[in-house]
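Heads up: the structure comes next, in structure tokens.
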Amino acid sequence: MAAPSEFETLPQCGEDQIGFAVDAPLDRTLVRSVPYVVHMTQLSQSVQLEFDGDIAIIRVDNPPVNALSHHVRQGLLDGMKQAEESDAAAIVLICDGRTFIAGADITEFSGPPQPPSLQEAQDAMENCSKHVVAAVHGTALGGGLEVALCAHYRVGVASSQYGLPEVKLGLLPGAGGTQRLPRITGASKALEMMTSGDPISADEALACGLIDEIIEDLEQGAIDFARRAVSEKMPLLRIRDRNEKLADTPTSLFEDFRAGIARKTRGFLAPEYNVRCVEAAVGLDFEAGLEREQELFRDLMKGTQSKAQQYYFFAERAALKIPGLPKETKSLDVHRCGVLGAGTMGGGIAMNFANAGIPVTIVERDAESLERGLGIVRSNYERTAARGGISSDDVESRMGLISGSTDMGDFAECDLIIEAVFENMELKKSIFEQLDQICAEGAVLASNTSALDINEIASATSRPDAVIGMHFFSPANVMKMLEVVRGDETSDTAIATAMAIGRRIGKTPVLCGVCHGFVGNRMLFMRGIEAEKMILEGAAPSRVDRVLFDFGLPMGPFAMSDLAGLDIGWDETTSSSSTVRELLCESGRRGQKNGRGYYTYDPDTRASTPDPEVEEIIKRFADQQGITRREISDQEILERCLYPMVNEGAKILSEGIAIRGSDVDVVWINGYGWPMYTGGPMFWADTVGLKEVAERINHYASTIGGEHWSISPLIEQLVSDGGSLSTYTN
Ligand code: 3H9
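This is the structure:
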């Protein structure tokens, strides 16, 4: 096929060609700036071939993120073949819409592979006898970046980003990325990018050689670069042939790198597999490295971890969709947020808003508490600045967005007010009564309660439709989880506002209904009951904690209680020696804060050691209760901690408190550090098998008993229907 001359407008089209005039009504949000595109061949439903004079343009348009669905792969392959056969001098690969190709189409992973393979299209690019230039805007991610790495040159606009995020899906870049990236950036940078999955900026990409130029106008810049490549006879660079950046890779690099990421990646398979691939890039030739990559990719793809992580990718996005909430529902534009309470929670919540550039008014009952609270916020920021996380100017600008006050009247100027005082219903009701008097009409009134009844709190106001729960998790400035709790009368606007602002401040919001403890804490309470029972029956607290840590949780229930403080909600005057926790508090053990809780803590290192005194207190209490102590296996500990949670999760679902099973998983992964590679409690139970789970719950119901062991009818129904908790939707 011949490339038409620059001024030819509608040349003869072949049977597969569709002629388009310059102003053809196609979506060209960012890319169309060349006035004389002359003809176009639609290669597949999402890829077309055009010619701009002597430059062939392969254009991908597969909304929303130009994922590499089979028709895109087909179009790329055909486009490369036709462009090479044409008399175009060079080829530009470009995408329409908001981004360059953002990776393989994850929805295709669960089905049988559909031809052509991505590698066929990549080979056609890399081996092309003409210059191929990839033009990047938005995000070149995963398979998208791997396609760009097969071009001879890459150019991108200043806002473009580059990454191999496969590790976050429990995978590795399986389209040659593991062998090409290290060859172009060096092994160290590739290890960093592949094991974190985080993208780098265009500036960084230019600095490490990943791209060749930053351009202003995406399409024209890429075309100009391609013409220059031809006129200056730039070499047809194939990354696969380049080894210069790998030559002096120190042998110690890999072990040092593994040690550096060990803590963060504990339990995950994919980071280690990615490291092995970079080792292969350094130690083997390209083809052998590619084979190793494919072998490891297949291994990961077969395993449960990647299925769990892919499930989580869609779960997080599904949680943002609220059935029944009309699409046109407008969320309130929050210009200023009010926070009541400058304690640990209130201060942390205020930081989220300041971090997102939203002014905050924080109110405390007296000047001293206010000053103390603001001091803690400042020192948190200063600690982050000392570690290099933000600049000292950022500290000042963020503190500048937080105004302290002791007058609740100042909330009159706020669009959203979040109450963060301690958990006492009467106190909260009196506060909401006052907020009702003070706050502007239309403002959203939120409570950060972690368990209390939002409907009762709302009943203290004349506008229950404006009242909603926004449960942040501690430390509120760090944890991503936000439970948004809808009361019976909460308005659509209040829901939309809480969800939208949650996203704006970088949280993962999940909507749920009212019940004691909502989704997360209600399930946690059930685990707490069994954990407490097991230490009386003979399991040491450190053993229970170790079993859950080995399962993948960041810590077990006793270490968690010590961290939070054993005296939360404990009152010396009413303490009645009726639980181990009360007994520990009565004997002066407050948790990490005074170095003594379920464990004793080294004052310098904060390392914990089991304490014989605690063991003695537990034994004595068990004797008093007439409990016979025995050896409890790790398996029993795991089952008795996790199955009551699964059971409660199912009850939460069947009561309609959570919208979907996957929402429960999002809460537990983000709120409590449930290991993502198991997918969350609902997905995990599905992988164990609901029949097995049901049998074990019934076993404990008959041997141990208690309301929390009475099996959820939903589990029984799913067992008989062959359904699953993770895909269950109300
Ligand atoms: C890979 O490439 C493997 C290769 O190495 C080997 C191959 C052989 N597929 O996030 P958003 C959907 S693995 C299918 O809200 P944003 C998403 O579900 C892949 N669908 O937008 C959502 O759907 P809905 C490596 C995808 O602007 C909609 O697009 N790549 C994919 O906030 C909008 O998404 C990645 O892991 C996909 N790959 O963020 C990149 N990506 O509207 C994954 C998105 O129905 N993607 N969707 O809810 C992202 O990180 C973000 O989507 C992105 C845009 C940053 C691109």
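Residues in the sequence shown are numbered from 11 upward in steps of one, following the working numbering.
For glycine and all other residues, C-beta sits at the position ideal for the given N, C-alpha and C.
Asked                                                                                                        : Found
Any non-hydrogen atom of the ligand 3H9 within 7 Å of Thr149 CB                                              : yes
Where Tyr163 sits in the DSSP three-state scheme                                                             : strand
Residues near Glu641 by beta carbon distance below 7 Å, same chain, minus five either side                   : Gly548
Where Tyr611 falls: helix, strand or coil (DSSP)                                                             : strand
Straight-line gap, Ala396 to Ala150 (C-alpha atoms, nearest Å)                                               : 33 Å
Thr459, buried or exposed, once every other Cβ within 10 Å from all chains shown has been counted against 16 : buried
N- and C-terminal bounds of the alpha helix (DSSP H) containing Phe235                                       : 228-241
Among Gly538, His345, Glu646, the one whose alpha carbon lies nearest that of Pro450                         : Note that residue 450 is Ala in the sequence shown, not Pro. Ranking Gly538, His345, Glu646 by Cα distance to Ala450 puts His345 first.
Expected contact under 8 Å - CB spacing of Ala280 and Leu310 to nearest Å                                    : 6 Å
Boundaries (first-last residue) of the beta strand (DSSP E) holding Ser415                                   : 412-415
Meets three-Cβ-pair contact criterion under 8 Å: the region 615-635 and the region 508-522                   : no
For Ser740, the nearest candidate out of Asp731, Ser730, Leu724, Val729 (CA to CA)                           : Reading off the sequence, residue 740 comes out as Asn, not Ser. With distances taken between Cα atoms, Asn740 lies closest to Leu724.
Distance between Glu658 and Asn76 (C-alpha atoms, nearest Å)                                                 : 40 Å
Contact between the region 359-368 and the region 396-413 (3+ Cβ pairs under 8 Å)                            : yes
Span separating the alpha-carbon of Val488 from that of Trp684                                               : 16 Å
Straight-line gap, Gly154 to Glu60 (C-alpha atoms, nearest Å)                                                : 20 Å
Cβ-heavy atom distance, Thr739 to the ligand 3H9, below 7 Å                                                  : no
For Gly173, the residue or residues it bridges with in DSSP                                                  : Leu151
Cβ-Cβ distance between Gln171 and Ile210 below 8 Å                                                           : yes
Extent of the continuous beta strand (DSSP E) to which Ile669 belongs                                        : That residue, Ile669, is in no beta strand (DSSP E); it is neither H nor E in DSSP.
Opposing strand residues paired with Pro620 [DSSP bridges]                                                   : Tyr609
Opening and closing residue of the beta strand (DSSP E) in which Met491 lies                                 : 491-496
Strand pairing of Ile428, partner residues [DSSP]                                                            : Val349, Ala456
First through last residue of the alpha helix (DSSP H) which encompasses Val82                               : 80-95
Cβ pair Thr471, Phe432 closer than 8 Å                                                                       : no
Beta-carbon proximity list for Leu87, same chain, < 8 Å, skipping 5 on both sides                            : Pro126, Glu130, Ala131, Ala134
Bridge-paired residues (DSSP) for Arg537                                                                     : Beta-bridge pairing links Arg537 to no other residue.
Leu86 Cβ short of 7 Å to the ligand 3H9 heavy atom set                                                       : no
His162 burial status per 10 Å Cβ neighbour count (16 or more: buried)                                        : buried
Proximity winner among Arg393, Lys317, Gly598, relative to Glu623 (alpha-carbon distances)                   : Gly598
Beta strand (DSSP E) segments (min. 3 residues) lying fully within the region 373-422                        : 412-415
Stretch pair the region 704-717 + the region 649-666: three plus CB contacts closer than 8 Å                 : yes
Cys218 in three-state terms, based on DSSP                                                                   : coil
Distance between beta carbons of Ile627 and Leu745, contact taken as under 8 Å                               : As shown, the chain starts at 11 and ends at 740. That puts residue 745 outside it, with no answer to give.
Three-way DSSP call (helix, strand, coil) for Arg69 in this model                                            : strand
Alpha-carbon to alpha-carbon, Val494 and Ala668                                                              : 11 Å
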